[in-house]
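Following: one structure in structure tokens, then a few remarks.
Protein chains: 4
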Amino acid sequence: MDLFRQKVYIIIYGVNTPAGKAFDIGLLVAILLSVFTIMLETVEGVDYIYHRELVILEWIFTAVFTLEYALRIFVSKKPLKYIFSFYGLIDLLSILPMFLSVFIKGSHILSSFRILRLLRLFRVFGLMEFMRESSRLKVAILASRAKIMVFLYTVLIIAVLIGTLMYYIEGPENGFTNIPKSVFYTIVTLTTVGYGDMVPTTPLGQFLSMLLMIIGYGIIAVPTGIVGVEIAREVGKSMKENYKTDPEHRKLNGIVCAHCNKEGHWDDAEYCYNCGHTLNI
Amino acid sequence: MDLFRQKVYIIIYGVNTPAGKAFDIGLLVAILLSVFTIMLETVEGVDYIYHRELVILEWIFTAVFTLEYALRIFVSKKPLKYIFSFYGLIDLLSILPMFLSVFIKGSHILSSFRILRLLRLFRVFGLMEFMRESSRLKVAILASRAKIMVFLYTVLIIAVLIGTLMYYIEGPENGFTNIPKSVFYTIVTLTTVGYGDMVPTTPLGQFLSMLLMIIGYGIIAVPTGIVGVEIAREVGKSMKENYKTDPEHRKLNGIVCAHCNKEGHWDDAEYCYNCGHTLNI
Amino acid sequence: MDLFRQKVYIIIYGVNTPAGKAFDIGLLVAILLSVFTIMLETVEGVDYIYHRELVILEWIFTAVFTLEYALRIFVSKKPLKYIFSFYGLIDLLSILPMFLSVFIKGSHILSSFRILRLLRLFRVFGLMEFMRESSRLKVAILASRAKIMVFLYTVLIIAVLIGTLMYYIEGPENGFTNIPKSVFYTIVTLTTVGYGDMVPTTPLGQFLSMLLMIIGYGIIAVPTGIVGVEIAREVGKSMKENYKTDPEHRKLNGIVCAHCNKEGHWDDAEYCYNCGHTLNI
Amino acid sequence: MDLFRQKVYIIIYGVNTPAGKAFDIGLLVAILLSVFTIMLETVEGVDYIYHRELVILEWIFTAVFTLEYALRIFVSKKPLKYIFSFYGLIDLLSILPMFLSVFIKGSHILSSFRILRLLRLFRVFGLMEFMRESSRLKVAILASRAKIMVFLYTVLIIAVLIGTLMYYIEGPENGFTNIPKSVFYTIVTLTTVGYGDMVPTTPLGQFLSMLLMIIGYGIIAVPTGIVGVEIAREVGKSMKENYKTDPEHRKLNGIVCAHCNKEGHWDDAEYCYNCGHTLNI
């Protein structure tokens, strides 16, 4: 029995084995197809003709994901840790709505949240390069966290100020029926989205809007500059680190520790660097 | 009495004490809630049902901010300096409209300008990191002031030139009723906002608009490049400075000098670096 | 005969001779004019009056390109290699639709795909500078391939998640008739395009859309930062390489090898660096 | 007489004297006011009431600019050179339309092209800092000329390709009445302008449009990266140069050589660096 659990564990959590890779790709395709099925069901013309087929497909996908969820719990050394981990909750969330839809009509649409499961499957494409890049991007964005907050804070103040002014200048007779709608207009303009559902008609409103557009057009430079600098720094740093800490340019093996769920072990690692548990189950 | 003034002073102007921090967070929440209240009052459906409650809430918030304003004057060493300082005027501006609304109907809406008071509360989030970042951003933007002016000047010239051309090409029969409106269209297009309320219908007008879009799409690179370079320089400089002038990595204490209203004193500072007045009132 | 083939070869594939340059410019103009002709034919007013003339023009252009295609095959040392090369297929694709239009009405419109032939003519403008720049851009974009994939993957997840939420919040009664349309709206908003054909009307939908706009406005910083860093690196690298490998600053000659179709030979090269075949046919 | 000409010359072409500065500011204000007058005349409501006043104002401005134009010719050492210089032609262009309007009704609107005269007045604001920044921006943009051309070339190819596809997919029944309009739609979407006057309604058209938006959203990174790198290089270079060639940090004097119309002389220059003519007329 234990041997079976080990084998399943390597298939589900591992990446470097052909079986593990095939499993990941199959899962990716299944998630995309199932989300596509849910989407189609909301398209009236399609649903009218193929309602039965779509519902059957959805139940098949849900059955597969439920089986997978059960297997993940079954092979985990610490099932509770998995169940309450970030990915564990997403896995649950991606099957629950379908079962709930038996009682609450329409709730199965929320199954499309299972697109979040793709987050785990970054590793399918070229594996480590992607994980390194995504963690680098994460670090770059986190490092500029404070700068981004200052930026958002400024955007909030501008939006409320100019939103109020626009409400005063244009008024309900020109479509600016209340301040929340005016603030919506301000954000739509500042971010250069520009729906055009509300448009200033008074000269003063048009002038203020032009100012707003140019401000929006200009301050986009701020987050760009911030993140750009951080990315440049991050790229430089990780290049140095790579050469410093890893002179032989080893790769990562992509195994998730069965004990503590940590990833990022060297290709030749035999024990988890985090908890010391063996990686060869 | 003086002891009471000192205590209040530390609560209102200080940041590092638990009481000071609690006061700042309370103020932040009060400002946001009061602005939200004013916004809701302009939403017809909500105001129709809850008019009485909203008005009472607004008067409560105004009472609180008026009390705070009085206290700030009371505990200041130089009240006049505070009253005519940037933040002093904003504090006044955020309570005046409500009292004016007794005489001038509708003026209380302007109370939402009190959102500007948030500027002082940057320090609530992680305190010093934010102040440093926002001052760094400010320096970066100021340093590229001349470049930005050249950029805006160019945008103005393009807008008037192409606005006139579009008025000539499209004419009033296609919605380009006058040059100011054409200039508005030009800015809307150049900044890639694109409301769609005015759209060129002649082939020549469409061609010119396409040129304009590509220009707009391209010159967004200019402010981005400018600010990016300045941010990179600023980050590099401040890192060096930090290590040069502050080998022990002290932090700032967040106290505002009672004498000259300056901020930015070191954690172990006993006297204001600006006016020499003691910081331990 | 062989002398004739050599001469034609140099005219068609070469760049540095006056005849070769003239041929390239002539081809560029012919492609642009022929695409313009096809476009005009779809404009009802123009086609109504000049239908005959436009059709004749199109057949003339097609005849010219067919002749050119035949010549390219005729002078190639390895005709099959040319026919199945990227440019060979495009050359075929740019004449086929016109002949097909004899059997399938309307298919000649696809002739406008011959705009792809312009890709080969980059070299017309200042020749080598352009080839170097475009290959540099290509390298910069390829180098950030992994980062860009991570970015697109994230955009996909955000689009499906928020698209589903918007469908739930706004619903078919506000124009969000199905999830695919909601996802379309999400992408339109996230990329700051903002058509305005679908606009949120519920407060919650407007709030979520504002979040989406600010996210979209912010994450544009990510590809910008990525590509910017790569371009900077690429520029730095190629400057060093230029000086290292080419101390005499030779230029490229722009000849395409008749044997293996490789480009990028030094000005004084006599043999192809790739297959060793002589370049002086 | 010659003394008078010298004095006028210094006022008109010089910058460092109080009179010269006052003249420049006066000119700037006059240009802006005159353009504003022309704009107002096209606004029906305003023109209806103040037609007479606006026409008189326009004639006054034209008279002033004509006098200035005559003076510029009069004090020039080589009048013909001035007349056919870039600024000379703009000066003429800014007065001609008004005189032409006597014969051709409506042509006076073109007077708003005199906004181009502002180009010469960059120097009004903080003088040299601006000239240096604008020349730096110009160098940065020129240096990335080839990269920008490659970029535009790519945009052209994408626009024609996808424009044709959209015409095929959506067709005239969905508003894509011809290929030029489809290309217009493609550019509107690619540059993230998004008017919303044409919107895809077929699933395939929506899918292609989403691809287009993401491409557009992504490739904005390319010009940004290009110009950013060039600006960074330019800033670095000019800082070095300033210190190398100008150890005493002299400033420029802002005088335009009366002989050859060159600008950019050092503050202590007595002769034109270009033609050797004395600068002290």
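Protein chains in written order, with the working numbering: chain A, 120 to 400; chain B, 120 to 400; chain C, 120 to 400; chain D, 120 to 400. For each residue, glycine too, the CB sits at the ideal point set by N, CA and C.
Is Gly-313(C) near Val-194(A), with beta carbons less than 8 Å apart?
-> no
For Met-317(B), which three-state DSSP category applies?
-> coil
Sequence-distant residues of the same chain with beta carbon closer than 6 Å to Ile-228(B), five excluded per side = none
Quick one: is Thr-161(D) near chain A, going by C-beta distance under 8 Å?
-> no
For Ile-276(D) versus Leu-215(C), is the C-beta distance shorter than 8 Å?
-> no
For Phe-203(A), the three-state DSSP class (helix, strand or coil) = coil
On a CA-only basis, which of Gly-225(C), Ile-157(C), Ser-328(C), Glu-160(C) is nearest Gly-282(C)? Give me that one, please.
-> Ser-328(C)
Please name the residue in Tyr-272(C), Arg-239(C), Ile-157(C), Ile-192(C) whose C-alpha comes closest to that of Gly-225(C).
-> Ile-157(C)
Name, please, each residue of chain D whose Cβ falls closer than 7 Å to the Cβ of Gln-125(B).
-> Those within 7 Å of Gln-125(B) in chain D number zero; the least Cβ separation is about 46 Å.
Helix, strand or coil for Phe-295(B), going by three-state DSSP, please let me know.
-> coil
Between Met-106(B) and chain D, is there a C-beta pair that is closer than 8 Å?
-> For residue 106(B) there is no data in the structure shown, the boundaries of chain B being 120 and 400.
Tell me whether Val-221(C) is buried or exposed, calling it buried when 16 or more other Cβ atoms sit within 10 Å of its Cβ.
-> exposed
Using a Cβ cut-off of 8 Å, pull out every chain D residue sitting near Tyr-332(B), in sequence order please.
-> Going by the sequence as given, residue 332(B) is Met instead of Tyr. Ile-306, Val-307, Thr-310, Val-312, listed in chain order.
Short CB-CB distance (under 8 Å) between Leu-238(A) and chain C = yes
What residues in its chain sit with their C-beta under 7 Å from that of Leu-190(B), if we drop five residues either side in the sequence?
-> Val-127, Ile-131
With a 10 Å radius around its C-beta and 16 neighbouring C-beta atoms as the bar for buried, classify Val-279(D) as buried or exposed.
-> buried
Are at least three pairs of beta-carbons, each pair with one atom in the segment 174-189 of chain C and one in the segment 290-310 of chain D, less than 8 Å apart?
-> no
From Leu-238(C), Asp-316(C), Ile-168(C), residue whose alpha carbon lies closest to that of Asp-143(C) = Leu-238(C)
Unbroken alpha helix (DSSP H) run spanning Ile-338(D), endpoints | 322-338
As assigned by DSSP and simplified to three states, the class of Lys-126(C) | helix
Note down, in chain order, each residue of its chain lying with its Cβ closer than 7 Å to the Cβ of Glu-360(C), except the 5 sequence neighbours on either side.
-> Confidence is the limiting factor: at Glu-360(C) the pLDDT is only 47, short of 50, which leaves the residue's position unreliable, though a coordinate-based value still follows. Answer for Glu-360(C): no residue qualifies.
Please determine, among Ile-338(C), Ala-259(C), Glu-172(C), the residue with the shortest C-alpha to C-alpha distance to Tyr-272(C).
-> Ile-338(C)
Spatial distance of His-170(B) from Arg-233(B) (CA atoms) | 21 Å
Ignore the nearest five residues each way along the sequence and tell me which others in Thr-310(D)'s own chain have a CB closer than 7 Å to its CB.
-> Gly-335
Output the distance between the C-alpha atoms of Met-268(B) and Gly-344(B), rounded to the nearest integer angstrom.
-> 14 Å
With 8 Å set as the bound, which would you pick, yes or no: does the beta-carbon of Thr-296(B) sit closer than that to a beta-carbon of chain C?
-> no
What is the residue span of the alpha helix (DSSP H) that Ile-179(B) lies within?
-> 163-194
Can you say whether Tyr-201(A) is buried or exposed, counting buried as having 16 or more other CB atoms within 10 angstroms of its CB?
-> buried
Measuring CA to CA, which of Tyr-167(C), Val-165(C), Leu-211(C), Lys-196(C) is closest to Thr-185(C)?
-> Leu-211(C)
Below 7 Å CB to CB, which residues in the same chain sit around Glu-160(A) once its five sequence neighbours on both sides are set aside?
-> Asp-166, Leu-173
Beta-carbon of Met-158(A) versus every beta-carbon of chain B: anything under 8 Å?
-> no
Can the beta-carbon of Leu-323(B) be found closer than 8 Å to that of Ile-288(B)?
-> yes
What is the DSSP secondary structure of Ile-223(D), counted as helix, strand or coil?
-> coil
Going along chain B in order, which residues have a C-beta closer than 8 Å to the C-beta of Gly-315(C)?
-> Tyr-314, Gly-315
Could you give the DSSP three-state label for Val-312(D): helix, strand or coil?
-> coil
Any chain A beta carbon closer than 8 Å to Leu-147(C) | no
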